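Chains as they are written, first to last, in our numbering: chain L, 1 to 625; chain E, 1001 to 1176; chain Y, 2001 to 2144.
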């Protein structure tokens, strides 16, 4: 029953999206628009929750549930199973699209009617495209005959709380940019005089905020689950989320300039188009099987062909519009380098360059393969010596930008303004390096950049001058903390790989670690070997007990390692249990990861900043309506 | 100038999509990696032989005729699947096939060949996987076509399927 | 449509077969204790090289991080080459001679990768030039 209804509901969504597209195309009958917007939202909610329901009751007459679930799976992972696979995640994607569609409609009033209808038209087109794609190439409600006794299970490495909520957050991010795209298109096609940038901004801030936390949770998952202390791999799939984030960042900041000075409008329109296009291209790369990646969903060329055709349509439509209609938004305002808008403009350029570099690195292996018979890899070392390098000046400017005033600033006055933060940075850096006497160029640069951002924003906080948004200060502060964590964990990481017998002892930094015992345990859907490690500090006080596990999941016939981690503000102690036996002992990897927790704290602070900023923007929009 | 600049994103984006389109259209396996040894001489090596008392010396085994080199192991399931095709090369097509037994137990290998039939004229034992590394092998099974001059003309990674069997036959024809 | 299906089945079969070979266990650790060299400097070099070498059977992972048997073989091989007194370049060449450029996570600088290495910095220059150009033009408008 549920699958039939869900499938029907999906068709209903298609109907409403077509209705909305046709009605808004003709610019009339507001009542019908109202019906289709709500109908679209409700029908996509129904199909989404019906699939979720089928997962919860383990309805193995549905192929998708059969392939990705199992009765022994904990409830939270049954629910997360809905979006843990390609077909189900498309339903979530559609749902988020229709939610944003609804919010665009909410902006509607008598004055902006034509403009909002234009935006709804594009949003309906996008929604329609994705619903068609889902129905014809990736139907999550496909039945299986006869219904199966039990499911095939779910890759245990994906059974992690961070990863369970990672996709919904990420999709709010990706799809949120669709609203910016639609508003951008509406701006290009309509001749209405409306404050389009005020409409666009809350969507961009929301999307950006959720994308940030979504990416961060992906990193958390990698750190806790993959078992070697890393959290970012420059994998194509990660890049696919990082590129829209970068462009979204640029978009967010140049929108501020548009708001304040009406300049950069063409640029913002281009960014709003490209950000969403990159989200779609990312989806294409991940789901077409054109690239191989650890996270690749399913290899299916016909899906790839469909998304490619759809991307082609969107790109041609939007970029032709941009090429022909954007001239009217062009202006020749002068940008003083020592000014707020000057710093934003330069950083925009740098961010776009970084984004292009990441894009280049992601698709270059494909280009080489196409034009030569060779095959190459582009991995972390490449990005470290290009993209990361270009980020350094951007971060320097990011620190000072908010301190500068709009329009023009005298150089001497600027110097005076940044003096406190320069002083603070130097003091903090000297202090840090007198405590941790380890020197490496990368470490010094990273720490200085981090303290530079932190002290500039602390100064802003203390000054409490009007005109600085709290959200901005928080988000920037978060970036500073994030850089601190990244630098600490990547430059000063220490590791020890040894074979340990029961009751043997080892030392890492100031900690003594005793391998006390190993025992067999039984989890809900796995069995595991669990090591018990006692950690003592210098003065022989016990710090913690660490219990890494080696799990075996019988359903998927799969092994995973569960790292055990003790976190404080200064370092993580990270233990992974490897293979072994009672005679020779077990392979044990111990990592001393300095400052890792600041990566997560930083991301959280950025997220909070984003939330504050979203709230503020919404309030502003409401009062202007 | 400015007008043209505004069209640039369109041109750029569409050309990227064109590349994607091309890659989707061609019959391509994204995880296949071309061999670095293509059109190069085979790596020289010496190893124990599975059947003979004498050592396997590569320079004595190759040359004069087109030869297939097949890396296999008894613990590898796909090797079992492709065995029927490897046998067809030696039995039906009269091609010389040299086996390289990768990280395996020789006794098991002999049993395996007794049971399934032996297509190999000689089998070298690659106990620690060093020979495989010299051939750029990244997993068993892998199959190479070596021409009479001792030059590698083709490499297939993964099991030989019906389609690959046909393809290898064509390549052998070309290199006779 | 049928060609797609054939292609799809082939890809799936391939993945299945390859994964059967390599994913027998995935819970052994990457670098193992018995591999580590006594000489700290040599070990450091070995780790450095390993981080730049791609694990051929896993995607986007260096052999330093990977638990695949081939990755382990290569790590041991790299260490034995270091002990023999081989230079880093010689070791990289040894590996690319056998596995091609694909094995390098940092692509070499050559004609086919020229764009990869040059474009980011070219983008940067173009970006800066655009701003300068824009400003120069608008300045004139300001003062006229």
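Note that CB positions come from ideal geometry on N, CA and C, so glycine has one too. Here the structure is a predicted model, which is why all the values come from computation and not from measurement.
How should residue i be labelled, buried or exposed, when 16 other C-beta atoms within 10 angstroms of its C-beta is the threshold for buried?
| i | result |
| --- | --- |
| residue 147(L) | exposed |
| residue 123(L) | buried |
| residue 600(L) | buried |
| residue 1133(E) | buried |
| residue 2082(Y) | buried |
| residue 2137(Y) | exposed |
| residue 2024(Y) | With a pLDDT of only 32 at residue 2024(Y), under 50, the local geometry of the prediction cannot be trusted, and no value is derived from it. |
| residue 1(L) | exposed |
| residue 1947(Y) | Because chain Y is modelled from 2001 through 2144, residue 1947(Y) falls outside the range shown and cannot be assessed. |
| residue 623(L) | exposed |
| residue 11(L) | exposed |
| residue 1066(E) | buried |
| residue 427(L) | exposed |
| residue 1117(E) | exposed |
| residue 520(L) | exposed |
Under 7 Å, do residue i and residue j count as touching if we go by C-beta distance?
| i | j | result |
| --- | --- | --- |
| residue 2120(Y) | residue 362(L) | no |
| residue 329(L) | residue 258(L) | no |
| residue 485(L) | residue 602(L) | yes |
| residue 1125(E) | residue 1048(E) | yes |
| residue 304(L) | residue 288(L) | yes |
| residue 449(L) | residue 502(L) | no |
| residue 246(L) | residue 346(L) | no |
| residue 94(L) | residue 60(L) | no |
| residue 23(L) | residue 33(L) | yes |
| residue 402(L) | residue 459(L) | no |
| residue 263(L) | residue 374(L) | no |
| residue 338(L) | residue 414(L) | yes |
| residue 54(L) | residue 71(L) | no |
Using CA atoms only, rank isn't needed, just tell me which of the options is closest to residue i.
| i | options | result |
| --- | --- | --- |
| residue 568(L) | 26(L), 582(L), 436(L), 596(L) | 596(L) |
| residue 1077(E) | 1172(E), 1015(E), 1160(E) | 1160(E) |
| residue 543(L) | 555(L), 530(L), 512(L), 518(L) | 512(L) |
| residue 1140(E) | 1027(E), 1028(E), 1131(E), 1038(E) | 1131(E) |
| residue 231(L) | 332(L), 380(L), 400(L) | 380(L) |
| residue 2043(Y) | 2080(Y), 2100(Y), 2098(Y), 2131(Y) | 2080(Y) |
| residue 111(L) | 150(L), 102(L), 99(L), 193(L) | 193(L) |
| residue 1008(E) | 19(L), 270(L), 402(L) | 270(L) |
| residue 497(L) | 452(L), 483(L), 590(L) | 590(L) |
| residue 98(L) | 179(L), 135(L), 518(L) | 179(L) |
| residue 2132(Y) | 173(L), 349(L), 249(L), 317(L) | 349(L) |
| residue 418(L) | 387(L), 453(L), 429(L), 407(L) | 453(L) |
On the DSSP bridge assignment, give the partners of residue i in chain order.
| i | result |
| --- | --- |
| residue 1156(E) | 1143(E) |
| residue 1049(E) | 1124(E) |
| residue 1070(E) | 1099(E), 1143(E) |
| residue 514(L) | 505(L), 534(L) |
| residue 500(L) | 586(L) |
| residue 546(L) | 533(L) |
| residue 494(L) | 592(L) |
| residue 2052(Y) | DSSP lists no partner for residue 2052(Y). |
| residue 1041(E) | 1151(E) |
| residue 1081(E) | Answer by DSSP bridge pairing: none, since residue 1081(E) is not bridged. |
| residue 566(L) | 573(L) |
| residue 1056(E) | 1047(E) |
| residue 143(L) | 62(L) |
Any heavy atom of the ligand ADP closer than 6 Å to the Cβ of residue i?
| i | result |
| --- | --- |
| residue 512(L) | Here there are no bound small molecules, and the ligand ADP is not part of this structure. |
Item to check | the segment 2052 to 2074 of chain Y: positions lying closer than 8 Å to chain L by Cβ | outcome: Cβ contacts with chain L: 2052, 2054, 2058, 2059, 2060, 2061, 2062, 2065.
Checklist entry - What residues in the segment 346 to 379 of chain L have a beta carbon less than 8 Å from any beta carbon of chain E? => result 363, 366, 367, 369, 370, 373, 374, 375
Checklist entry - Can you list, in chain order, the residues of the segment 1085 to 1105 of chain E whose Cβ is nearer than 7 Å to any Cβ on chain L? => result none
Checklist entry - At a Cβ cut of 7 Å, what residues of the segment 1028 to 1044 of chain E count as close to chain L, listed as they run along the chain? => result 1030, 1031, 1033, 1034
Next on the checklist: Give me the subset of the segment 2084 to 2100 of chain Y whose CB atoms are less than 8 Å from a CB atom of chain E, sorted by chain position.
Outcome noted: 2096, 2097, 2098, 2099, 2100
Next on the checklist: Output needed in chain order: residues of the segment 321 to 337 of chain L with a Cβ under 9 Å from some Cβ in chain E.
Outcome noted: 322, 323, 324, 326, 327, 330
Item to check | Residues, ordered as in the chain, of the segment 584 to 595 of chain L that lie near chain Y by beta-carbon distance below 7 Å | outcome: Residues passing the 7 Å Cβ filter: 587, 589.
Checklist entry - What residues from the segment 300 to 316 of chain L come within 8 Å of chain E, judged by C-beta to C-beta, listed N to C? => result 301, 304, 305, 308, 311, 312, 315, 316
Checklist entry - Using a Cβ cut-off of 9 Å, which residues of the segment 263 to 290 of chain L contact any Cβ in chain E, in chain order? => result 266, 270, 273, 274, 277, 281, 284, 285, 288, 289, 290
Item to check | Contacting positions in the segment 438 to 470 of chain L - beta carbon closer than 7 Å to chain Y | outcome: none
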